[in-house]
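**Q** Here my numbering is used: the first residue of the sequence shown is 4, the next is one more, and so on.
We treat Cβ as the ideally placed atom computed from N, Cα and C, and that holds for glycine.
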Amino acid sequence: MAVVQLTPRVWQLKLNLVNCYLLETEDGLLLIDTGYPNSADKRFAAVRESGHDPALIRHLLLTHCHIDHGGSAAEVQRRTGARTYAHALDAPLIGQGIAERPGTTRTPGLVNRLVYLFFIKYAGTTYDPLPVDEPLAHGQVLPLAGGLEVIHSPGHSAGHLCLLLRSEGLLIAGDICSHVMGLKYSTINEDRTLARQSILRVAEYPFERAAFGHGDALTERANQQLKEAFAAS
């Protein structure tokens with residue numbers, strides 16, 4: 004487990020190859036994603052390591068429905084009473100505890116094959132259901148952390164979203180791509196062509212830094228690095 008402060012109000016919580024994010028807001032704490040099932044205790048330990056009290060988590064947002072991001076969401080919500088958010092297209096799946104849609108496919112390549120075999124294939128396709136209090140839409144700005152802009156970025160999942168914190172030049176990118184051994188397509192996608200289109204569209208937004216669901220953050224020229232990595236792929 005590792006905790007990295009990315010900006011004055013944002014912390015990256017690393018655990019078992021999955022990153023979650025903690026934001027200080029005007030209304031308590033916002034937790035973005037929760038990791039695999041049965042990992043709430045470790046996430047709360049990371050929150051405490053960052054210098055915060057998990058009891059102050061007032062908001063819980065999922066970037067998409069997959070089990071490594073929403074697996075412990077119901078438990079986190081039960082223990083904190085947090086208001087819950089997800090994109091409107093993934094909210095029904097999260098509400099039923101369904102981790103992925105039929106037709107989700109693995110990205111080619113040896114590394115992706117190994118990641119799939121060791122971390123995805125046997126992780127399960129269901130988790131405890133989480134009712135979503137506020138389904139989100141593209142362009143919506145949440146009145147949290149000085150304004151958190153929702154960017155719908157389908158491909159990895161139909162309801163995948165990124166979050167832009169303009170005041171700090173930071174994109175919380177979810178699994179729009181990964182940053183493990185370089186910028187790569189996520190190991191699984193519902194539609195990889197659509198995922199590429201989303202990456203290039205998101206890269207047009209103004210941000211210097213980007214933080215991912217898997218791998219380290221980019222700390223400079225992040226939008227340009229995304230363009231360069233995927234322009235010809």
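Is the distance from the Cβ of residue 86 to the Cβ of residue 62 below 9 Å?
**A** The residue you call residue 86 lines up with position 83 of the sequence shown. The residue you call residue 62 lines up with position 59 of the sequence shown. Closer than 9 Å, so yes.
**Q** Decide if residue 71 is buried, meaning its Cβ has at least 16 other Cβ atoms within 10 Å, or exposed.
**A** If you number the sequence shown from 1, residue 71 lands on position 68. Flag for residue 71 reads buried.
**Q** Mapping DSSP to helix, strand and coil, what is residue 60?
**A** Position 57 of the sequence shown, counted from the start, is the residue given in the question as residue 60. Strand at residue 60.
**Q** For residue 98, tell me which candidate among 232, 18, 134 has the shortest Cα-Cα distance.
**A** Here residue 98 is taken as the residue at index 95 of the sequence shown, counted from 1. Answer by Cα proximity: 134.
**Q** Starting from residue 165, follow its DSSP beta bridges and name the residues at the other end.
**A** Here residue 165 is taken as the residue at index 162 of the sequence shown, counted from 1. Looking at the DSSP assignment, residue 165 forms a beta bridge with 154.
**Q** Quick check on the burial criterion: 16 or more other C-beta atoms within 10 angstroms. Buried or exposed for residue 66?
**A** For the purposes of this step, residue 66 is identified with residue 63 of the sequence shown, where counting begins at 1. Buried.
**Q** By how many angstroms is the C-alpha of residue 25 removed from the C-alpha of residue 33?
**A** To locate residue 33, count along the sequence shown from 1; it is residue 30. To locate residue 25, count along the sequence shown from 1; it is residue 22. The alpha-carbon atoms of residue 33 and residue 25 are separated by roughly 6 Å.
**Q** If we call anything under 9 Å between Cβ atoms a contact, is residue 229 one with residue 186?
**A** The residue labelled residue 229 in the question sits at position 226 within the sequence shown. The residue labelled residue 186 in the question sits at position 183 within the sequence shown. Yes.
**Q** Mind reading off the beta-carbon distance from residue 218 to residue 163? Whole number of angstroms is fine, and I expect it under 8 Å.
**A** The residue you call residue 218 lines up with position 215 of the sequence shown. The residue you call residue 163 lines up with position 160 of the sequence shown. So it is not a contact: roughly 16 Å between Cβ atoms.
**Q** Using 10 angstroms around the beta-carbon of residue 37, count the other beta-carbons present and answer buried if the total reaches 16, otherwise exposed.
**A** By one-based count along the sequence shown, residue 37 stands at place 34. Classification for residue 37: buried.
**Q** Which same chain residues, not among the five before or five after residue 152, have their C-beta less than 6 Å away from its C-beta?
**A** Walking along the sequence shown from the start, residue 152 turns up at place 149. If we look at residue 152 and ignore the five residues flanking it on each side, its Cβ neighbours are 144, 167.
**Q** Can you find the residues in the same chain that come closer than 8 Å, C-beta to C-beta, to residue 4, ignoring five residues on each side of it along the sequence?
**A** By 1-based counting over the sequence shown, the position of residue 4 is 1. So the list reads 16, 17, 18, 45, 48, 49, 52, once near-sequence residues are dropped.
**Q** Note down, in chain order, each residue of its chain lying with its Cβ closer than 8 Å to the Cβ of residue 197, except the 5 sequence neighbours on either side.
**A** Counting from one through the sequence shown, the residue named residue 197 turns up at place 194. Result list for residue 197: 157, 158, in chain order.
**Q** Could you tell me whether any Cβ in chain B is nearer than 9 Å to the Cβ of residue 209?
**A** Absent here is chain B; the protein component of the structure consists of one chain.
**Q** Do residue 78 and residue 102 have their C-beta atoms within less than 9 Å of each other?
**A** The count along the sequence shown starts at 1 and reaches residue 78 at position 75. The count along the sequence shown starts at 1 and reaches residue 102 at position 99. Their beta carbons are not under 9 Å apart, which means residue 78 does not touch residue 102 by this criterion.
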